[in-house]
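Undergrad:
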Amino acid sequence: MIAWLRRVTPDLFLAAVVALLITLGLNALDGVEQRRIADDLRRASVDGVSFDERLEAIERSIARSAFLHVPLLVAGASVVTASACRNRRWAWLTSLLAVVPSLLIGGSFFVDLPVTGSAVLAAYVALSIVSAHAAVALRAPLLPAPERRRL
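Set out below in structure tokens:
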């Protein structure tokens with residue numbers, strides 16, 4: 058058990074660091090989106106802003122975040138995590154652990170639509186796994202082949 062923990066700890070630490078960086082990135086994106094909403098509302102406020110216009114600006118922001126920003130963060134973080142992961146076999150799982158904050162944020166956009174939220178979360182998970190496998194496949198020729206045991 059101790060030997061297993063020694064092998065796994067660096068990868069889990071990597072996943073935690075990437076998750077922290079994702080959280081910081083999501084906070085930065087939140088600030089950008091808030092400014093973008095304020096700009097949209099200022100432009101629309103020439104004749105006064107109706108409730109529908111405010112709601113439309115917020116819906117556009119959620120769509121940008123859920124379908125552009127968060128998937129880009131998921132794919133990028135999965136590639137970085139899988140590329141730096143020591144254990145190639147479990148790189149996809151490590152990258153999935155690293156993108157948990159993105160999964161939570163992406164799922165929270167659709168908390169009132171369970172079917173849509175489930176589909177979005179499944180797409181994020183698939184994107185994370187595919188990105189991790191692609192990163193491992195691209196990294197494999199660069200690494201030395203594992204030694205084979207002699208019988």
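Under this note's numbering, the first residue of the sequence shown is numbered 58, with each subsequent residue one higher.
Think of the CB as a built atom: it goes at the ideal place given N, C-alpha and C, for glycine as much as any other residue.
Here the structure is a predicted model, which is why all the values come from computation and not from measurement.
Looking only at its chain, what residues have a beta carbon closer than 8 angstroms to the beta carbon of Ile119, apart from the 5 residues adjacent to it on each side?
TA: In the sequence shown, counting from the first residue as 1, residue 119 sits at position 62. For Ile119, where only same-chain residues beyond five positions count, the Cβ hits under 8 angstroms are Phe166.
Undergrad: In or out: Ala192 buried (at least 16 other Cβ within 10 Å) or exposed?
TA: Your numbering for residue 192 matches position 135 in the sequence shown. Result: buried.
Undergrad: Measure the CB-CB distance between Ser107 and Leu153 and report whether it falls below 8 angstroms.
TA: The residue labelled residue 107 in the question sits at position 50 within the sequence shown. The residue labelled residue 153 in the question sits at position 96 within the sequence shown. Not a contact, by the Cβ cut-off of 8 angstroms.
Undergrad: Output needed for Gly164: all residues of its chain with C-beta closer than 6 angstroms, excluding positions within five of it in sequence on either side, in chain order.
TA: Residue mapping note: residue 164 aligns to position 107 of the sequence shown, counting from 1. Excluding residues within five positions, the ones whose Cβ falls inside 6 angstroms are Gly174, Leu178.
Undergrad: Quick check on Pro158: buried or exposed, where buried means 16 or more other Cβ atoms within 10 Å of its Cβ?
TA: To locate residue 158, count along the sequence shown from 1; it is residue 101. Buried: at least 16 other Cβ atoms inside 10 Å.
Undergrad: Nearest-angstrom Cα distance between Leu71 and Ala180?
TA: The residue you call residue 71 lines up with position 14 of the sequence shown. The residue you call residue 180 lines up with position 123 of the sequence shown. Whole-angstrom Cα-Cα distance: 23 angstroms.
Undergrad: Quick check: Thr138 and Ala189, are their CB atoms within less than 8 angstroms of each other?
TA: Here residue 138 refers to the residue found at position 81 of the sequence shown. Here residue 189 refers to the residue found at position 132 of the sequence shown. Cβ distance < 8 angstroms, so Thr138 and Ala189 count as in contact.
Undergrad: Assign Leu199 to one of three DSSP states: helix, strand, or coil.
TA: Along the sequence shown, read from residue 1 onward, the residue named residue 199 stands at position 142. Note: Leu199 maps to helix in three-state DSSP.
Undergrad: Look up Asn144 in the DSSP assignment and say whether it is helix, strand or coil.
TA: In the sequence shown, residue 144 corresponds to position 87, counting from 1. Reduced to three states, the DSSP call for Asn144 is coil.
Undergrad: According to the neighbour-count rule (16 or more other Cβ atoms, all chains shown, within 10 Å of its Cβ), is Val218 buried or exposed?
TA: Past the boundaries of the shown model lies residue 218; the chain is included only from 58 to 208, so the question cannot be answered.
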